[in-house]
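Data block below; observations after.
Number of protein chains: 2
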Amino acid sequence: MNNKRVLQPPARIGIIGGGQLGRMLTMAAKRMGYFVVILDPNVGSPAGQVADKQIAASFSDRQAIRRLAELTDVVTYEFEHIDADMLCEIESEGYAVYPSATTLRNIQDKYRQKTLLSNAGLPVPAFYRVKNREDLMQKLEDFGLPVMLKTCSGGYDGKGNFVIREKSDVEAAYNALKKNDLMLEKYIEFTKELSIIIARDFSGEIKYYPVVENIHKDNILRITKVPAYIDDVLEVKIKSIAQKILKTLNDVGVFCIEMFLDTRGDIYINEIAPRPHNSGHYTIEACVTSQFEQLIRIITGMPLGSTELLSPCVMVNILGNDTVCGRYTFEGIENVLAKEKVYLHLYGKSSTANMRKLGHITVLDDCVKKAEEKALQVLENIKIKPL
Amino acid sequence: MNNKRVLQPPARIGIIGGGQLGRMLTMAAKRMGYFVVILDPNVGSPAGQVADKQIAASFSDRQAIRRLAELTDVVTYEFEHIDADMLCEIESEGYAVYPSATTLRNIQDKYRQKTLLSNAGLPVPAFYRVKNREDLMQKLEDFGLPVMLKTCSGGYDGKGNFVIREKSDVEAAYNALKKNDLMLEKYIEFTKELSIIIARDFSGEIKYYPVVENIHKDNILRITKVPAYIDDVLEVKIKSIAQKILKTLNDVGVFCIEMFLDTRGDIYINEIAPRPHNSGHYTIEACVTSQFEQLIRIITGMPLGSTELLSPCVMVNILGNDTVCGRYTFEGIENVLAKEKVYLHLYGKSSTANMRKLGHITVLDDCVKKAEEKALQVLENIKIKPL
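Read top to bottom, the protein sequences are chains A and B.
With positions in the first sequence counted from 1, the corresponding number in the numbering used here is that position plus 2.
With positions in the second sequence counted from 1, the corresponding number in the numbering used here is that position plus 2.
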């Protein structure tokens, strides 16, 4: 991996996925003078709006992915639900794809991901494959409640997850997910949800962003607090886990590791994402190098940037709700912008829906508590209106 | 002006001019969720690359400018060499243009600009209209040498300016510029070139960015040092001049005031730009709100953002040279990115030429001196190669 050639601007970067992550990646790449092509089925996708070019095609369109690779010098992706075989084929034809198709394959199937981590001696919640309804019932007996029933692939923002707290939940959980390959995971009674963004380049160098604390509601990230309020021993432990994960994956890129801290102070890895992550959006304003610029640096063979935290901060997501669906506008943005060190990001999505991520706000302040208070206060001001 | 309605995202912003200023304006607007349309004759212009839409038409195409206004909720511009009559016509049809056509007209003709400033009691170098060659010779007798012969409109980056130091320079100066309306200005023997970016919104509120020092070579900005090394008395004086200028213009927008500090410590206004300015690029990383976001806030009726300086810094321009012309790539960018707190901006221009502005670098450090050393050192690393 050491012989990666450096791609000088205006080299061409291909991104699979035109959502908000692709958009912020594109903005970082454009600032640095690169040419960016997006692959996304929706014309005028959030990323397509700011890219040089968009190929409007399905993510399962092999010809379109090949075309993206042909048009660009390096390909990356903003989400993991891509056909890994297809990426593998592109790679074998000599096109550069980072992180690799192997990494994608290892991560996108959660059973495979957990097996890999477990085999490497990394702390994951106890987990089992579920073959069918009978198998599920049997395993529940062995396992005890509560448990998480999960689809092995395709899940995100809580879709594909079901917590079974009582025996009476089993039918609903199984029926909701039974069309997929399933796994069962011990439910961790956590005191904190933590995550860390890490980056590894072609020389094998690793940079760690600070450990952050996340608040989810209905399985959707609502708040990221930076830095997490944890002791030094735990911080060191998490970074050592992160390093081990990168060694196990043996790949380049930006990764997010989501973890649970349980009541006994133990850490369990919940999930790895092989890409920039919602819990790393704060890096745009609060770190010397954002997670997006970091990934562009890595895939172009440029040196890693500093991950130094410049200020405590809090990020809150701006989500759609169940009262407005379809085309929309905002109200009250002037109240957000009236506050100091409040940074507004709106993704330009053409329609809203309940729980859809429409944007985020990052608030910098002297301490996390003040930043959080301000963030929640300004979030209250934002109204979504039908257009 | 107080009744300006607030344009909530995803309202539509039109920008006349697709160069680097338009590009950075667009990036700020896209981050905030606005829809951006660029008017520029060159398809794939620096701003067009990151905008939702580009109208490829000449700046003198009245129908195209009307179309831009029709497609958007508010129009602004990144440079002042636009037909003010045309903008005036658009305004009279009820379209929103900021800063106004009147301001543009007052500023784009330098004789008119200086007259306005002089009438308001503001310090400008002595200046006269030049009617013809005989008039020039006569005025030189009255005025003494050295002087600046200038075209009243259309000049930028030193184009349209000629310093007459000796009588023998007169013929060359006159012949170079005689096709234009001309003016003569006393040449100020300056010790420092200073500038300040200022912003005024619809409520009449004013925000001042710090005073900065600029180094030009061959009439092109090379270095901006932030903040300028000047005493408090001078800082206050400059802000009071800035305030008076905004009162005189009685308009909204982001403006740059370029000034000379002469050997006696007196300030003379050199030029006003009714738009973000090269000497304000540093605001992207070094201030809470960039000059670009500030203009977007103003024209959408949003409140002004803080202009607080977060760190001393130095900005250096990346310029084309006389050895490479046309399509190009860079070399050595990895050496730029290897240094901490060095922020690279490349504009994606399709071709290079001698002295063309291809990008800039902003370096943050503990003090201006260290930032300057680092900036000049990294600039040395960048090579431009034909493609």
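Think of the CB as a built atom: it goes at the ideal place given N, C-alpha and C, for glycine as much as any other residue.
Who pairs with residue i in a beta bridge, going by DSSP?
i               : result
F442 of chain B : Since the first and last residues shown for chain B are 3 and 389, residue 442 of chain B lies out of range.
Q2 of chain B   : Only positions 3 to 389 of chain B appear in the structure, and residue 2 of chain B is not among them; the question remains open.
L186 of chain A : A:Y130 and A:L151
K1 of chain B   : This structure leaves residue 1 of chain B out entirely; chain B is present only between 3 and 389.
V256 of chain B : B:A201
V290 of chain B : In DSSP, V290 of chain B forms no bridge with anything.
I320 of chain A : A:G361
A275 of chain B : B:C258
Please list the partners that residue i has in chain A, where partner means a Cβ-to-Cβ separation under 7 Å.
i               : result
H362 of chain B : Result: empty, since nearest Cβ-Cβ is about 11 Å, beyond 7 Å.
A463 of chain B : Past the edges of chain B, shown from 3 to 389, lies residue 463 of chain B, and the structure says nothing about it.
E2 of chain B   : The structure shown does not extend to residue 2 of chain B, since chain B spans only 3 to 389, so no value can be given for it.
Find the residues of chain A that neighbour residue i, judging by a C-beta separation of less than 9 Å, and give them in chain order.
i               : result
G350 of chain B : P11, P12, K32, G35, Y36, F37 and D54
T331 of chain B : Q10, P11, P12 and A13
What is the DSSP secondary structure of residue i, reduced to helix, strand or coil?
i               : result
A244 of chain A : helix
C315 of chain A : strand
T309 of chain A : coil
V235 of chain B : helix
I18 of chain B  : strand
K216 of chain A : Looking at the sequence shown, residue 216 of chain A is not Lys but Asn. Residue state, collapsed to three classes: strand.
P12 of chain A  : coil
I208 of chain A : strand
R68 of chain B  : helix
N4 of chain A   : Confidence in N4 of chain A is poor, its pLDDT being 46 and thus under 50, which makes the residue's placement too unreliable to answer from.
A230 of chain A : coil
A49 of chain B  : coil
T78 of chain B  : strand
R224 of chain A : strand
G24 of chain A  : helix
D63 of chain A  : coil
R301 of chain A : First, the residue type needs correcting, since residue 301 of chain A is Ile and not Arg in the sequence shown. It is helical.
G282 of chain B : helix
D85 of chain B  : coil
T325 of chain B : coil
M34 of chain A  : coil
Under 8 Å between beta-carbons, which chain A residues line up against residue i? List them in chain order, please.
i               : result
K343 of chain B : V290 and S308
Q140 of chain B : Correct list: empty, because the minimum Cβ distance to chain A is about 51 Å.
M29 of chain B  : M29, K32, R33 and V52
Can you round the beta-carbon distance between residue i and residue j to whole angstroms, since I take them to be within the 8 Å contact cut?
i               : j               : result
V318 of chain A : H362 of chain A : 7 Å
A244 of chain A : I301 of chain A : Rounded, the Cβ-Cβ distance is 20 Å, inconsistent with contact.
L106 of chain B : L124 of chain B : Going by Cβ atoms, the distance from L106 of chain B to L124 of chain B rounds to 19 Å, so no, they are not a contact pair.
I217 of chain A : G322 of chain A : With 8 Å as the limit, I217 of chain A and G322 of chain A do not qualify as a contact, their Cβ atoms being about 18 Å apart.
T364 of chain B : Y330 of chain B : Going by Cβ atoms, the distance from T364 of chain B to Y330 of chain B rounds to 22 Å, so no, they are not a contact pair.
S102 of chain B : E93 of chain B  : 7 Å
G215 of chain B : Y231 of chain B : Looking at the sequence provided, one finds Glu at residue 215 of chain B rather than Gly. The Cβ separation is near 7 Å, so the contact holds.
D63 of chain A  : G50 of chain A  : Not confirmed; about 16 Å, so no contact.
Y79 of chain B  : R277 of chain B : 6 Å
I15 of chain A  : V38 of chain A  : 5 Å
N221 of chain A : D159 of chain A : 6 Å
L223 of chain B : N280 of chain B : 5 Å
S205 of chain B : E260 of chain B : At roughly 27 Å, the Cβ-Cβ gap does not stay under 8 Å, so S205 of chain B and E260 of chain B are not in contact.
If the cut is a Cβ gap below 8 Å, which residues of chain B does residue i touch?
i               : result
L346 of chain A : R33, M34 and G35
Can you name the residues of chain B whose CB is closer than 7 Å to the CB of residue i?
i               : result
R299 of chain A : L339
Is residue i near the ligand NAD, going by C-beta to nearest heavy atom under 7 Å?
i              : result
Q51 of chain B : Summarising the ligand content, the structure contains no ligands, and the ligand NAD is consequently not present.
### Query
Considering only residues of the region 95-182 of chain A, which uninterrupted beta strand (DSSP E) runs meet the minimum length of 3 residues and lie entirely inside it, listed in chain order?
Counting only runs of 3 or more, we get 129-132, 149-153 and 163-166.
- prompt: What are the start and end residues of each continuous alpha helix (DSSP H) run of 4 or more residues lying completely inside the region 339-385 of chain B, in chain order?
  reply: 370-383
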